[in-house]
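Asker: After the structure tokens below, expect a handful of questions from me.
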Amino acid sequence: MQGAWIITGGMNTGIMKLVGEIVQTNPNRYRPIHLIGIATWGCVAGSDQLDVHGINVHYAKPHVEERGEAPLEPNHTEFIFVDDGSVRKFGGEITFRARLERAISEDFFAIRPPSASSTPSPQLMPTPSFRSEKSNPIPVVLLVVEGGPNTVRTVHEAVVENNIPAVLFEGTGRCCDLFAKAVRLYKEYRQKFELCEENPCLDVPTILRRYDELKNRLREDLKEELRAISGAGDRLGAGGGKKMQNLTIAGESKQRKEDSVDYFSLVYECIDTRTNFLNIISLHSRSPVEPDIDLAILQALLNATSGCGLSKTNIQRKREQFQLALEWNRVDIVRNSIMKDDRDWENIELNDLFELALNRSQTEFVKLFLDHDFSLTDLFRNNNKLA
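Here the sequence shown is numbered in the working numbering, starting from 60 and rising by one per residue.
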């Protein structure tokens, strides 16, 4: 996959620092990687150096850092600072970042209508587009490593409020392990309480009662994981966890006492209304083969598009999935998961994707097209394309 943008919290600590160091080793200087840091202005150590207009600034890491501050990671290529008026309080950028990512992705993932059993949630408002009508929507994926209470907020903001799929790495701790256990138990309890969609025998009062019981039992079972994030049991406080961040801030305790957000409810809404947007990658596996992160990201996008609502037809979804697999150069995914029915090859307009595979010399894809009797008539009719 080429031309990707990576967005982090931009600080020189935790996994954000690690990502910056890895990107710095990019061997292709002609194809630079855009590493964008989005940070709360009041949490940037030495922000006074940046408070200028019309001139370039050489940012130097301060020798002394206050609690609730962190220096900027130097290998990021761009920064966006969100000034919400707060001072040394992480998380002020979460809503802005999610809205920006939603604007970038546009309507790549259509809103799926909630099922009858799902908890009611606010409808998403259309996001004004800043790109031309002819431009294609851009897929966006949230990668989560460890993380604290703010990471729970980030996942909820992305998945529920902005329809962006998330990949969480179980085994890295705290937020990721919380979601992994919650998803697993939720699926188990749905089967135990016979809350599967194919069960038509239950009346509405029974369904609602069983979902209440499921939710209460899940809250009880997750107490230890909730406490591991904040030390506050069921009701967690805001801390230093952020998207792609495993940072613990020394001055969190005061913030926790002031925070009244029910973080369990945020987790539950994610798993109850957007299960197909949550993708858990276990690092506990004893398999000698390491997890294929590239494939995990692709699978997250495919799962999200599969869960789209009536705003997209099955043909539109399959075409988008085909294009994603082409970008990832995963012909096996197309063959085994997307175009499983011969009728798909007849009903879906694929001329431009065939040309793309041909121009890129993606021979396995070209062979797959030809194996399914893909017509070359239109291609050879246009002499300009043969020049």
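Glycine residues also receive a C-beta, built at the ideal position from the N, C-alpha and C atoms.
Quick caveat, the model's predicted, so the values are computed rather than measured.
Check this for me: beta carbons of Leu385 and Leu415, under 8 Å apart or not?
Answerer: Going by C-beta atoms, Leu385 is nearer than 8 Å to Leu415.
Asker: Are the beta-carbon atoms belonging to Phe323 and Leu254 less than 8 Å from one another?
Answerer: No; because the gap between Cβ atoms is not below 8 Å, this pair is not in contact.
Asker: For the alpha helix (DSSP H) containing Phe323, name the first residue and the last one.
Answerer: Start and end: Tyr322 to Thr332.
Asker: What distance in whole Å lies between the Cβ atoms of Gly230 and Leu77, which are believed to be in contact at a cut-off of 8 Å?
Answerer: With 8 Å as the limit, Leu77 and Gly230 do not qualify as a contact, their Cβ atoms being about 16 Å apart.
Asker: Taking Cβ positions, are Phe228 and Cys235 nearer each other than 8 Å?
Answerer: Yes, Cβ-Cβ distance for Phe228 and Cys235 is below 8 Å.
Asker: My parser needs the beta strand (DSSP E) runs of 3 or more residues fully inside the stretch 207–274; what are they?
Answerer: If we require 3 residues or more, the beta strand (DSSP E) runs fully inside the stretch 207–274 come out as 225–229.
Asker: To the nearest angstrom, how far is it from the Cα of Glu379 to the Cα of Val123?
Answerer: Using only the alpha carbons, I get a separation of about 50 Å.
Asker: Using the Cα positions of Glu349 and Val326, report the straight-line distance between them to the nearest angstrom.
Answerer: Whole-angstrom Cα-Cα distance: 28 Å.
Asker: Hey, would you say Glu128 sits closer than 8 Å to Arg147, going by beta carbons?
Answerer: It is a contact, given that the beta carbons lie within the stated cut-off.
Asker: Which whole-angstrom value is the C-beta distance of Gly14 and Phe149, which I expect to be below 8 Å?
Answerer: Not covered by the structure: residue 14. The range shown for the chain is 60 to 446.
Asker: Could you tell me which residues DSSP pairs with Ser341 in its beta bridges?
Answerer: The partner list for Ser341 (beta bridge, DSSP) reads Glu229.
Asker: Going by DSSP in three states, Phe381 sits in which element: helix, strand or coil?
Answerer: It is helical.
Asker: Using the C-alpha atoms, what's the distance from Trp404 back to Ser174?
Answerer: Unreliable positioning characterises Ser174 in this predicted model, as indicated by a pLDDT of 40, which lies under 50. The coordinate reading is nonetheless provided below. Their backbone Cα atoms lie some 31 Å apart in a straight line.
Asker: Could you check whether Leu131 and Gly96 sit closer than 8 Å to each other, using their CB atoms as the reference points?
Answerer: Going by C-beta atoms, Gly96 is nearer than 8 Å to Leu131.
Asker: Using the beta-carbon count (16 or more within 10 Å), is Glu423 buried or exposed?
Answerer: Glu423 should be labelled exposed.
Asker: Would you mind working out which of Val204, Arg419 and Phe252 sits nearest Arg268, comparing C-alpha positions?
Answerer: Nearest of Val204, Arg419 and Phe252 to Arg268, Cα basis: Phe252.
Asker: Who does Phe140 pair with in a DSSP beta bridge?
Answerer: Ala98.
Asker: Counting only the same chain and skipping the five closest in sequence on each side, list residues whose C-beta sits under 8 Å from that of Leu109.
Answerer: Once the five neighbours on either side are set aside, the close Cβ partners of Leu109 are Val103, Val116, Tyr118 and Phe140.
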